[in-house]
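Number of protein chains: 2
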Amino acid sequence: MPVPTKKKPQVTAARRPAAGAAQARRRELLETAAEVFAEQGYNATTVRKIADHAGMLAGSLYYHFDSKESMLEEILRTFLDELWDGYDTVLDAGLGPRETLEALVTESFREIDRHRAAVAIYQKESKQLVAQERFGFLAESQRRFEKAWLSTLERGVAAHVFRADLDVRLTYRFVRDTVWVAASWYRPGGQHSPEEIARQYLSMVLDGIAVRE
Amino acid sequence: MPVPTKKKPQVTAARRPAAGAAQARRRELLETAAEVFAEQGYNATTVRKIADHAGMLAGSLYYHFDSKESMLEEILRTFLDELWDGYDTVLDAGLGPRETLEALVTESFREIDRHRAAVAIYQKESKQLVAQERFGFLAESQRRFEKAWLSTLERGVAAHVFRADLDVRLTYRFVRDTVWVAASWYRPGGQHSPEEIARQYLSMVLDGIAVRE
DNA sequence: TAACCTACCAAACACTTGTTAGGGAAGGAC
DNA sequence: GTCCTTCCCTAACAAGTGTTTGGTAGGTTA
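Read top to bottom, the protein sequences are chains G and Z.
For the first sequence, the numbering used here begins at 1 and goes up steadily by one.
For the second sequence, the numbering used here begins at 214 and goes up steadily by one.
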């Protein structure tokens, strides 16, 4: 492709100034967009609101992004990529089922700490987004997610470390939901660190809240 | 108020035909509106979509309702009224803390069974709605809700039936969220009844998923 | 029959939405 | 200096939004 057909002007690597400065601004804008999306909801968020928060006008956003939807896509893709980096590390570590569950939960709360806005958006909008083929990667991620959790739970039941009398699928949903909805009330810098929340949550899920006799 | 100033024509009780027929239609329309709101999100739902599902034109909805927002308000009010009917019955029954928790959870899943759409809407939109004074009743309900759950948990800790080493507020959030997010995947008429889901959920929350030794 | 009411339709309204086109100021490259 | 690129602004567009107004078919009442 000798003749660039893309709208964004091509810059040779040699000339590019302050390499990555443009991408830094891009990330900055995505950060504020994610926060507005998370707070007001994707549909209720106008590009003018995003521009306001970024200190610019609506049209100027289109110098950096193709569309409002592509901003949303990039936010979710970035989040899921990092999430699976962490998950895969855990899943490939060869841990036992209980240790895997503990590590997955802890990793999840760390992701909430890092990507609070993206998680909140994912929670609220993913259900309607998966229908669009543009966001098909959400469905694929969901399948991998379910597979990872279900197999961990099933491994635990087989190894007699998790109870056998519970519906595994139901348990999966409870665990999954409770972990991720934390994004709706979690505030970074609060009195509980992600690890502390994970510890208490695991204690509750594994041993229950009732006193043992 | 001898002279009616309302837009909707006043009908004397004596003449009213098929008493409550209008209100039945009203409920019917709110039912379909709630389903569309739950499926697509409130902001993404246009009055034309609601009218489509109801087999009429957008403008015709305004014969029955003042605005799109008033439809949302009535949906949520109806749901919360019924919810608190059930909750108050439980809370006034003079049960012990563990029995109260069990009854509250079971009642919650029953409400999800009855008002699936309204619960889903509440979950998704309440956070943004409470800011508007029109929806101030949501904030009041949230306060009562938190008080009911927290006091039950604290009673349980004081009576040594619930563990004392858990952060009560954190426990409350986990219990609350896990119960209500069930509305996002629950389908009435599925293989699990509300009572069965409540039973399994309570078993998990109270005793944990780990095998005891 | 005549009057009236209910529940809807048809058509438009003012406004907001995401998006685009053209321009221009600032600053580095040569 | 001149050129060129970056990054934003101004101003508009077309489509879609919630809502209103006036009308009307069909049933009910008197």
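We put the beta carbon where it would ideally sit given N, CA and C, even for glycine.
### Query
What is the DSSP secondary structure of Z/F278, counted as helix, strand or coil?
coil
#### Entry: Rounded straight-line distance, which links the Cα of Z/V303 to that of G/R187
33 Å
#### Entry: Assigned secondary structure, G/A103 (DSSP; H/G/I helix, E/B strand, else coil)
helix
### Task
Kindly indicate if chain G contains any beta-carbon less than 8 Å away from that of Z/S416.
yes
### Query
In chain G, which residues lie with their C-beta within 7 Å of the C-beta of Z/V318?
Here the premise fails: no neighbours, minimum Cβ distance about 12 Å.
### Message
Let me confirm a value: Z/Q336 is counted as buried when at least 16 other C-beta atoms fall within 10 Å, else exposed. Which label applies?
### Response
buried
### Alpha-carbon spacing of Z/M269 relative to G/T46, whole angstroms
29 Å
### Query
DSSP on Z/A372, reduced to helix/strand/coil?
coil
### Status (buried if at least 16 other CB within 10 Å, exposed otherwise) for Z/A234
exposed
### Query
By the criterion of Cβ-Cβ separation under 9 Å, what are the contact partners of Z/H373 in chain G?
V211
### Query
From G/F135 to G/E102, what does the alpha carbon distance come to, in whole angstroms?
30 Å
### Task
With Z/M417 as the anchor, note down where its alpha helix (DSSP H) starts and where it stops.
P407 to D420
### Query
Over what stretch of residues does the alpha helix (DSSP H) that includes G/Q132 continue unbroken?
Careful: G/Q132 lies outside any alpha helix (DSSP H) and carries neither H nor E.
### Query
Do the segment 359-366 of chain Z and the segment 295-310 of chain Z touch if we need at least three Cβ pairs shorter than 8 Å?
yes
### Task
With DSSP collapsed to three states, give me the class of G/A164.
coil
### Message
Applying the 10 Å Cβ sphere with the 16-neighbour rule, what's the burial state of G/V3?
### Response
Low confidence applies to G/V3: its pLDDT is 31, below 50, so where it sits in the model is not reliable, and the reading given next is rough at best. Exposed, since its Cβ has fewer than 16 Cβ neighbours within 10 Å.
### Beta-carbon separation (whole angstroms), Z/A247 vs Z/I325, contact threshold 8 Å
The pair is not a contact, with the Cβ atoms about 13 Å apart (cut-off 8 Å).
### Task
Compare the beta carbon distance of G/F137 and G/R77 with 8 Å and say whether it is the shorter of the two.
yes
### Query
Can a CB atom of chain G be found closer than 8 Å to the CB of Z/Q341?
yes
### Query
Is Z/A423 helix, strand or coil by DSSP?
strand
### Query
Looking at the C-beta of Z/T391, does it have a partner C-beta in chain G at a distance below 8 Å?
yes
### Message
Please tell me whether, using a cut-off of 7 Å, the distance from the CB of Z/E367 to the nearest non-hydrogen atom of the ligand COA is below it.
### Response
Absence of the ligand COA from the depicted structure is noted, as is the absence of any ligand whatsoever, leaving it without description.
### Query
Does DSSP put Z/Y335 in a helix, a strand or coil?
helix
### Message
If I measure Cβ to Cβ from G/I50 and keep anything under 6 Å in the same chain, skipping five residues before and after, which residues do I get?
### Response
A33 and V36
### Query
Z/R238 versus chain G: which residues are under 9 Å apart at the beta carbon?
None at all; the shortest Cβ gap to chain G is about 29 Å.
#### Entry: Distance between beta carbons of G/F162 and Z/A423, contact taken as under 8 Å
6 Å
### Query
For chain Z, is any of its Cβ atoms less than 8 Å away from the one on G/R163?
yes
### Query
With a cut-off of 8 Å, do at least 3 Cβ pairs link the segment 107-121 of chain G to the segment 79-87 of chain G?
yes
### Query
Residues of chain G with a CB under 8 Å from the CB of Z/R356: which are they?
Ordered by position in chain G, no residue passes the 8 Å Cβ test against Z/R356, which lies about 15 Å from the chain.
### Message
So G/L202 and Z/Q413 are supposed to be a Cβ contact under 8 Å. How far apart are they, rounded?
### Response
The Cβ separation is near 19 Å, so there is no contact.
### Query
What does G/R173 reach in chain Z if we use C-beta pairs closer than 8 Å?
A395 and W398
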